[in-house]
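Enquirer: Protein chains in written order, with this note's numbering: chain A, 1 to 139; chain B, 1001 to 1139.
C-beta: ideal position from N, C-alpha, C; glycine also.
Bear in mind that the values here come from a model prediction, so they are computed numbers and not experimental data.
Quick one: structure below, then a few questions.
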């Protein structure tokens, strides 16, 4: 993880543009081996730095308004393998090693487990775990 | 394109949640053959429907505040091959046939043509065209 820590003290570090969207940028997580897009979430400056410091992905939860270490409940953390930035410096693409093989809180490999067919969103993704067993049943 | 047109008249059509972000949802464009993530942009209800009607991707330009048919200047349109929706119905993943083999206005295949290495954003993407020749030189 020395590689990522180094970024934080480098004055030439690329500046991510957090201004366009109230301090947030969208972040795409992609499986570093298969290329499957796993999820999209948001980062602010704090979680961007936490991600660099720790080498595991931290998002900003818009609904809970707090730091969200991906996998904090399920154990399915995302190890950073590669970070890419887009032409406008306002979107990140992070290639990850998805621990537990499932990124979605509904138990699927990818949050994009539904394809649109004939007007419906049809599930065709692979389910890896039962959310009730991982997070506890909803009462 | 009959397949996509059909979506517009289907009452059971999946409802995309445009409310979380002032009428917009983030949209990831991914090359349908290679799996390379090409770009991220935004859609509103209007450009979502335009995309379904026409079978080519239309975004909403946040900077220009107008409908943006991707490739309208360069000819590099994105033909829709598959549409996926995430678990919260607030993000789209569209697999596309990228005409012209380049999605980025800077001439690269992908907008994510820079990887973060030792604190710098280092270009390692493939450049397909010279933007000055496609869009005209900036005066």
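Using the beta-carbon count (16 or more within 10 Å), is residue 110/A buried or exposed?
Expert: Buried: at least 16 other Cβ atoms inside 10 Å.
Enquirer: Check each candidate in 1051/B, 1072/B and 1040/B and name the one with the smallest Cα separation from residue 85/A.
Expert: Considering only alpha carbons, the answer is 1040/B.
Enquirer: Given this structure, state the Cα-to-Cα distance separating residue 1127/B from residue 1102/B, to the nearest angstrom.
Expert: Taking the straight line joining both Cα atoms gives about 8 Å.
Enquirer: Under a Cβ-count criterion, where at least 16 other Cβ atoms within 10 Å of its own Cβ denotes burial, should residue 118/A be classed as buried or exposed?
Expert: So residue 118/A ends up on the exposed side.
Enquirer: Using a Cβ-Cβ cut-off of less than 9 Å, list which residues of the stretch 14-26 of chain A approach chain B; keep chain order.
Expert: If the cut-off is 9 Å between Cβ atoms, the stretch 14-26 of chain A has 14, 20, 21 and 26 near chain B.
Enquirer: What are the complete beta strand (DSSP E) segments, minimum 3 residues, inside the stretch 1014-1040 of chain B?
Expert: Fully enclosed beta strand (DSSP E) runs of 3 or longer: 1025-1031.
Enquirer: Using DSSP with H/G/I as helix, E/B as strand and the rest coil, what is residue 128/A?
Expert: Correct three-state label for residue 128/A: coil.
Enquirer: Using a Cβ-based criterion (distance less than 6 Å to any ligand heavy atom), does residue 33/A qualify as near the ligand ATP?
Expert: Ligands displayed in this structure: none; no statement on the ligand ATP is therefore possible.
Enquirer: Classify residue 135/A: buried if its beta carbon has 16 or more other beta carbons within 10 angstroms, exposed otherwise.
Expert: Burial call: exposed.
Enquirer: Should residue 1001/B be flagged as near chain A, meaning a C-beta pair shorter than 7 Å?
Expert: At residue 1001/B, the pLDDT of 49 sits below 50, so the modelled position is not reliable; the number obtained from the coordinates is stated separately. Judged by the 7 Å Cβ criterion, residue 1001/B is not in contact with chain A.
Enquirer: From residue 1139/B to residue 1132/B, what does the alpha carbon distance come to, in whole angstroms?
Expert: Model confidence at residue 1139/B stands at a pLDDT of 47, short of 50, so the residue's coordinates are unreliable and nothing is read from them.
Enquirer: Would the stretch 32-51 of chain A and the stretch 1028-1035 of chain B be scored as touching if the rule is three or more Cβ pairs under 8 Å?
Expert: In short, these stretches touch, since the Cβ pair count reaches three.
Enquirer: Going by DSSP, name the residue or residues bridged to residue 42/A.
Expert: Answer by DSSP bridge pairing, in chain order: 26/A.
Enquirer: Can you say whether residue 1064/B is buried or exposed, counting buried as having 16 or more other CB atoms within 10 angstroms of its CB?
Expert: Exposed, since its Cβ has fewer than 16 Cβ neighbours within 10 Å.
Enquirer: Among all the DSSP beta bridges, which residues are the ones paired with residue 61/A?
Expert: Residue 61/A pairs with 66/A.
Enquirer: Could you give the DSSP three-state label for residue 86/A: helix, strand or coil?
Expert: Coil.
Enquirer: Specify, as a first and last residue, the run of the beta strand (DSSP E) that residue 1097/B falls within.
Expert: Run containing residue 1097/B: 1092-1098, per the beta strand (DSSP E) assignment.
Enquirer: Taking the alpha-carbon of residue 79/A as reference, which of 66/A, 57/A, 122/A and 116/A has the nearest alpha-carbon?
Expert: The option with the nearest alpha carbon to residue 79/A is 57/A.
Enquirer: Buried or exposed: which applies to residue 1098/B, given that a residue is buried once 16 or more other Cβ atoms fall within 10 Å of its Cβ?
Expert: Its Cβ being crowded by 16 or more others within 10 Å, residue 1098/B is buried.
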